[in-house]
């Protein structure tokens, strides 16, 4: 009589092996509702079944870690009894199907994760990937995602203080929308998503439940094909106003001490919230599903439990303190509805108008899910893409032309077209604004500040996922160091293709290994994150794209610098070695249409020494600016230091690198992307001290020129290779993306 | 003196205004919930930025029905100084305390950036400490800040010097290039005929400390403090 056949299992994304395990755990066949509960909790998105064995290898502990992975967000100590609470999360699949709402609800989801912890969200950052801007589809998705991020974040009043955006055809069918939220909490106020206390009431609060987003978690666990547009009903619609009310009300309720635990209903909705809260508290929960506020009539328990309607929270209050909790929500015109209670059992039991409709062991849903050690295989093409022989090639353009092309490249060009749509001033804490590498916020009532950066380079990871992932950690960490922040914690968003393919799984395993090694070497514990797999369309995967978010602690928020030159006449010093590495560079991709070679080498000990040095120099007030050298190499880095300075130019003389054939010496010197380099500007009076400090730290340092004049001028081996007025270069860089968006709009 | 900062559900720059008025400027400030009916003896009122009531229907359209607005109306009628910032300005327009309306920014998009704004009138409680023509750098952050009114209303505003703030370019000129949202005549802020109610789209409260990129906006709040000290406007009897 069972209606669960192979077709039903397929619709639920449950394999026959998994189904057998469900029957074993239940000791019987599940009914349809129970199958639904298992299908979402055991989906890749919720169970991390393919990634878990790898994630376990990441370093997650350290003296500052207040909360590691496993809760709604991680937390690190920042002194004075305060903690930085943060996490990054993706909303990739929904953003392809419905860019505005997909991105908006992604922002909403990560904000809920942060305030659920008892922290007030104070900043947002995002890491975005789109297809080539030359295509209408990519422009439409880019435009919609940016509007959606702004539409939600701006309204709720949390500033977007930074991020990075990359355009590459590899993301045409699978854009990436990764959003990091940073919050602030007192250690004592951190609240966990756990249920406890038999008889304690379970409350539902927030938006009513509709049929939207049913099986969203399952959608995020499958590849796209030509019918993906039909999945639009699985994308939720966001209501930032409701979330704002929820946030304020929840933060107020948390102050009452009447709360036991709280969790947002994100992926897998009420199913996830009830089972995870009970599981963490080692208890059970009885819920009367008909009491759940519903937006539509005739909803079945299945639909109610699997809905991913946004802006909903589940909370457990202390028995006897119900009125206090209800009163706070009433003040905000929200209704806290009691839908169940905590039980002494180890089961989640669901009732519908009093009849038992599901009865499942809690841990079966949360802990007993499948764990796959999926086969991994290094792709056959891996070795060949790492071969880079410049010998038969010639630079296609002069250094000057290449410089201009790189400044206008969408990857390097200013992202102000997007950032100007994000409110970065609300909250009056934002010190360093989007577009200056790390975002920096002060903390009212404390001396400290926080710097945050998100970074990832899919091209590097495609060429070598292990080294590429290490480079991502190093770059994010280096960026916060350049703002004077000591890196103290990280969060990762792992965006990959279909893990059932051994070469994708190999990329994943290698990337996680790289993150682990780099985080251990740089002392950056990973406190949480998100995995997004199945980023494939019609069998074509994205570049493996781990995105790292790193939080840095500024001892004094006033002791920070940006990339921007502050005065003419300062010495320009470069730390680190220029090895002229062009493998995986923007130069090769842009000028020669070549994604080839090994990504830049990385010596983690040298990287750490560099970052420690830079932090101490910034804190000591010895440098006026600091900028990490990455996409576009030293030439682009120097140019970026002049942008926003009001036209302060720079003149430098570089020694040509010896590592490439003669025709490429200029290009490799100017545009090579060797890692572990930082450009600083130093007033004359501090130069000797800075060089001494660098020598003591074992960091190569060289005075390469001075700030001043109105031009960017770079000589290599005595010959002028690049010379351009700052204003002209800045115009090119600042308007490149806007021009593409505008001319496209005009054409449409 | 005491600023009352009204908190609507959806206000998001309420605490920014509170912080600027209290911690930075050094005045007293209180947060007043929109369901309250009294301003609690405040000497000046700030309607803060945000998206009151979700800005559903139209920006500011529902906020005018909040219980506290009756108190704000009568405070304004008695000459009490009221400052509406961004969404607060939109609320003042909807409430009829200021003339005109806001429409979507030219170019449709939300605009968030630091802009130069010229002070056009120094005879309001919020600009008394400015010099005429002074250019202030303040952030804007809005999707609907494109000020619109019938030609006759614009003419009257200009004639009666009720345009208090105007967007300008880097050279200080009210040019098309200096207009970030399409507002008629580059209007960034206006006052009522009594000159005690001022609304503006830029955020002076977010530009009160140099570390945040500009301290130029502080003069707006300082003006109010000085006006109160001089007894020109405000006064506890008003509330």
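Residue numbers (our numbering), protein chains in the order written: chain P, 1235 to 1982; chain D, 799 to 1037.
We treat Cβ as the ideally placed atom computed from N, Cα and C, and that holds for glycine.
Inspect the CB distances between the stretch 1343 to 1359 of chain P and the stretch 1302 to 1316 of chain P and report whether three or more fall short of 8 Å.
Flag = yes, the stretch 1343 to 1359 of chain P and the stretch 1302 to 1316 of chain P touch.
The stretch 1563 to 1591 of chain P: which residues have C-beta closer than 9 Å to a C-beta of chain D, in chain order?
-> Per Cβ criterion, the list reads 1565, 1566, 1567.
Margin query: Taking 7 Å as the threshold (C-beta atoms), are residue 1408 of chain P and residue 1324 of chain P in contact?
Written below: Not closer than 7 Å, so no.
Closer than 9 Å, Cβ to Cβ, to anything on chain D: give me those residues from the stretch 1344 to 1360 of chain P, in chain order.
Within the stretch 1344 to 1360 of chain P, no residue has a Cβ that lies closer than 9 Å to any Cβ of chain D.
Exercise. Go ahead and label residue 957 of chain D buried or exposed: buried means 16 or more other beta carbons lie within 10 angstroms of its beta carbon, across all protein chains shown.
Key: By the beta-carbon neighbour count (other beta carbons within 10 angstroms, threshold 16), residue 957 of chain D is exposed.
Exercise. Measure the C-alpha to C-alpha separation of residue 1528 of chain P and residue 1339 of chain P and round it to an integer number of angstroms.
Key: Taking the Cα positions, residue 1528 of chain P is about 19 Å away from residue 1339 of chain P.
*Would you mind giving the Cβ-Cβ distance between residue 1901 of chain P and residue 1636 of chain P, rounded to the nearest angstrom? I have them listed as a contact below 8 Å.*
Confirmed, about 7 Å.
For this session: Tell me, please, whether the CB atom of residue 849 of chain D is closer than 7 Å to any CB atom in chain P?
Result: Chain P contact via Cβ: present.
- So, are the CB atoms of residue 1297 of chain P and residue 1625 of chain P less than 7 Å apart? Going by C-beta atoms, residue 1297 of chain P is not nearer than 7 Å to residue 1625 of chain P.
Query raised in the report: Do you know how far the Cα of residue 988 of chain D is from the Cα of residue 944 of chain D?
Result: So the two alpha carbons sit approximately 13 Å from each other.
**Asked** Which word fits residue 964 of chain D, buried or exposed, when buried means at least 16 other C-beta atoms lie within 10 angstroms of its C-beta?
**Response** Around the beta carbon of residue 964 of chain D, 16 or more other beta carbons sit within 10 angstroms, so the residue counts as buried.
> Would you call residue 1605 of chain P buried or exposed, if buried means 16 or more other Cβ atoms sit within 10 Å of its Cβ?
Replying inline: Exposed: under 16 other Cβ atoms inside 10 Å.
**Asked** Taking Cβ positions, are residue 1580 of chain P and residue 1596 of chain P nearer each other than 7 Å?
**Response** Yes; because the gap between Cβ atoms is below 7 Å, this pair is in contact.
Out of curiosity, what's the CA-to-CA distance linking residue 1444 of chain P and residue 1536 of chain P? Between the alpha carbons of residue 1444 of chain P and residue 1536 of chain P lies a distance of about 12 Å.
Margin query: Contact defined as beta carbons within less than 8 Å: I believe residue 924 of chain D pairs with residue 1022 of chain D. What is the distance between those atoms, to the nearest angstrom?
Written below: Right, their Cβ atoms sit about 6 Å apart.
**Item:** Where residue 1575 of chain P sits in the DSSP three-state scheme
**Value:** Under the three-state reduction of DSSP output, residue 1575 of chain P falls in the strand class.
Check: In chain order, what residues of the same chain have a beta carbon less than 6 Å from the beta carbon of residue 1828 of chain P, not counting five sequence neighbours either side?
Finding: Cβ within range, chain order: 1822.
Closest by C-alpha distance to residue 1763 of chain P, when choosing among P:1744, P:1702, P:1924, P:1723:
Ranking the options by Cα distance to residue 1763 of chain P, first place goes to P:1723.
Problem - N-terminal and C-terminal residue of the beta strand (DSSP E) that residue 1720 of chain P is part of - result: Under the DSSP assignment, residue 1720 of chain P falls in the beta strand (DSSP E) whose first and last residues are 1720 to 1729.
Answer yes or no: does any C-beta atom of chain P fall closer than 7 Å to that of residue 949 of chain D?
With a threshold of 7 Å between beta carbons, residue 949 of chain D makes no contact with chain P.
Do you know how far the Cα of residue 804 of chain D is from the Cα of residue 829 of chain D? The straight-line gap from Cα to Cα measures roughly 6 Å.
request  = If I'm right that residue 962 of chain D touches residue 929 of chain D with Cβ under 8 Å, what's the distance once you round it to whole angstroms?
outcome  = Contact between residue 962 of chain D and residue 929 of chain D fails: their C-beta atoms lie close to 14 Å from each other, not under 8 Å.
Residues of the stretch 1638 to 1661 of chain P whose Cβ lies closer than 7 Å to any Cβ of chain D, in chain order: Residues 1654, 1655, 1656, 1657, 1658, 1659, 1660, 1661.
Of all the residues that make up the stretch 1673 to 1686 of chain P, which are near chain D by a beta-carbon distance shorter than 8 Å?
Within the stretch 1673 to 1686 of chain P, the residues whose Cβ lies closer than 8 Å to some Cβ of chain D are 1676, 1678, listed in chain order.
*Under the three-state reduction of DSSP, which class applies to residue 1947 of chain P: helix, strand or coil?*
Under the three-state reduction of DSSP, residue 1947 of chain P is assigned to strand.
Nearest to residue 1698 of chain P by alpha carbon, out of P:1742, P:1684, P:1657?
Residue nearest to residue 1698 of chain P within the set P:1742, P:1684, P:1657 is P:1742 (criterion: CA-CA distance).
- prompt: Using the beta-carbon of each residue, which ones in chain P are nearer than 9 Å to residue 1010 of chain D?
  reply: Chain P residues near residue 1010 of chain D: 1659, 1662, 1663, 1664, 1665, 1676.
*In angstroms with no decimal places, state the Cα-to-Cα distance between residue 1745 of chain P and residue 1780 of chain P.*
C-alpha separation (whole angstroms): 7 Å.
Check your understanding: What residue does the beta strand (DSSP E) around residue 1780 of chain P start on, and which one ends it?
Key -> First-last of the beta strand (DSSP E) with residue 1780 of chain P: 1779 to 1788.
Quiz item: If you draw a straight line from the C-alpha of residue 1401 of chain P to the C-alpha of residue 1270 of chain P, how long is it?
Solution: Taking the CA atoms as reference points, residue 1401 of chain P sits about 37 Å from residue 1270 of chain P.
Notebook entry, point to check: Which residues mark the beginning and the end of the alpha helix (DSSP H) in which residue 1712 of chain P is found?
Noted result: Here the alpha helix (DSSP H) through residue 1712 of chain P covers 1699 to 1716.
* For residue 1001 of chain D, return the contacting residues in chain P, with the cut-off set at a CB-CB distance below 7 Å. => Residues of chain P passing the Cβ test: 1659.
ask   = So, do the stretch 1713 to 1729 of chain P and the stretch 1271 to 1278 of chain P have three or more beta carbon pairs nearer to each other than 8 Å?
value = Judged by Cβ distances under 8 Å, the stretch 1713 to 1729 of chain P makes no contact with the stretch 1271 to 1278 of chain P, as fewer than three pairs qualify.
Exercise for the section: Kindly indicate if chain P contains any beta-carbon less than 7 Å away from that of residue 834 of chain D. Expected result: Contact of residue 834 of chain D with chain P is not assigned, every C-beta pair being separated by 7 Å or more.
Give the single residue among D:861, D:880, D:836 whose Cα lies nearest to the Cα of residue 998 of chain D. The shortest C-alpha to C-alpha distance from residue 998 of chain D to any of D:861, D:880, D:836 is the one to D:880.
* To do: Buried or exposed for residue 1952 of chain P, please, with buried defined as at least 16 other CB atoms from any protein chain shown within 10 angstroms of its CB.
  => Around the beta carbon of residue 1952 of chain P, fewer than 16 other beta carbons lie within 10 angstroms, which makes this residue exposed.
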